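In my numbering, each residue's number is its place in the sequence shown (first place is 1) plus 69. Heads up, the thing below is written out as structure tokens.
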Amino acid sequence: MRHPFVIMETLMFLSATDGPIEKSVLESAPVTTGKETILLVDDEEIILETVVAIVKRLGYSVFTAQSGHEAVQVYSENKDKVDLVILDMIMPDMDGGMVFNTLKNINKKVKVLLSSGCSPEGQAKAIMARGCNGFIQKPFNIKNLSQKIRTILNGK
Numbered sequence: 070m071r072h073p074f075v076i077m078e079t080l081m082f083l084s085a086t087d088g089p090i091e092k093s094v095l096e097s098a099p100v101t102t103g104k105e106t107i108l109l110v111d112d113e114e115i116i117l118e119t120v121v122a123i124v125k126r127l128g129y130s131v132f133t134a135q136s137g138h139e140a141v142q143v144y145s146e147n148k149d150k151v152d153l154v155i156l157d158m159i160m161p162d163m164d165g166g167m168v169f170n171t172l173k174n175i176n177k178k179v180k181v182l183l184s185s186g187c188s189p190e191g192q193a194k195a196i197m198a199r200g201c202n203g204f205i206q207k208p209f210n211i212k213n214l215s216q217k218i219r220t221i222l223n224g225k
């Protein structure tokens with residue numbers, strides 16, 4: 070089964086020219102792994118399943134929630150175990166901003182990676198200004214996700 074968020078890891082740039090064509094390969098930073106625990110919050114089941122598979126493959130343990138209310142409940146019950154929350158910004162019952170505020174009220178030091186298919190402007194920018202640790206735009210690839218997770222967990 071193909072996962073919609075796994076994108077090619079090597080890029081080739083080809084130019085339209087009458088001259089000889091030269092292959093150029095852009096090397097990117099390696100995939101990073103870890104042993105921490107992540108709470109993944111997304112209301113779309115296919116995204117939840119896909120990202121769970123990715124973060125488990127990267128070595129992390131995972132809790133999941135499919136709504137903002139469930140995220141708050143799972144985090145409340147497991148706050149001493151959760152090292153990072155990957156939080157979808159747009160959900161029907163409680164949006165990412167409300168969830169973020171609630172998590173911050175539970176634990177001022179909670180680490181949150183905001184995830185959205187929307188641009189990092191507007192609502193995402195406002196959440197970032199309130200102390201969110203990072204933003205990743207969907208769709209994302211495994212390397213980008215792994216690096217964002219590691220950067221936040223390492224406190225950079």
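Yeah, the Cβ is synthetic: ideal placement off N, Cα and C, and Gly gets one too. Everything numeric in this text was worked out from a predicted model, so none of it was measured.
Relative to the ligand SAM, is the shortest distance from any of its heavy atoms to the C-beta of residue i smaller than 7 Å?
i: T106; result: Summarising the ligand content, the structure contains no ligands, and the ligand SAM is consequently not present.
Distance, Cα to Cα, residue i vs residue j?
i: I205; j: M158; result: 11 Å
i: C201; j: V168; result: 11 Å
i: S188; j: G165; result: 14 Å
i: K173; j: D162; result: 18 Å
i: A193; j: T101; result: 25 Å
i: V124; j: V131; result: 8 Å
i: K212; j: S136; result: 26 Å
Of the residues the options, which one's Cα is nearest the Cα of residue i?
i: K180; options: K207, N210 and Y144; result: Y144
i: H138; options: V120, N170, Y129 and K125; result: N170
i: D111; options: T119, K104 and E105; result: T119
i: M160; options: T106, E113, N210 and N223; result: E113
i: M197; options: S184, L108, Q142 and F209; result: S184
i: A140; options: G128, Y129 and L153; result: L153
i: G186; options: P208, G203, K177 and K178; result: P208
Looking only at DSSP bridge pairs, what is residue i linked to?
i: T106; result: S130
**Request:** Output the residue ranges of the alpha helix (DSSP H) runs that lie fully inside the segment 127-157 and measure 4 residues or longer, sorted by chain position.
**Result:** Taken in chain order, the complete alpha helix (DSSP H) segments of 4 or more residues contained in the segment 127-157 are 137-147.
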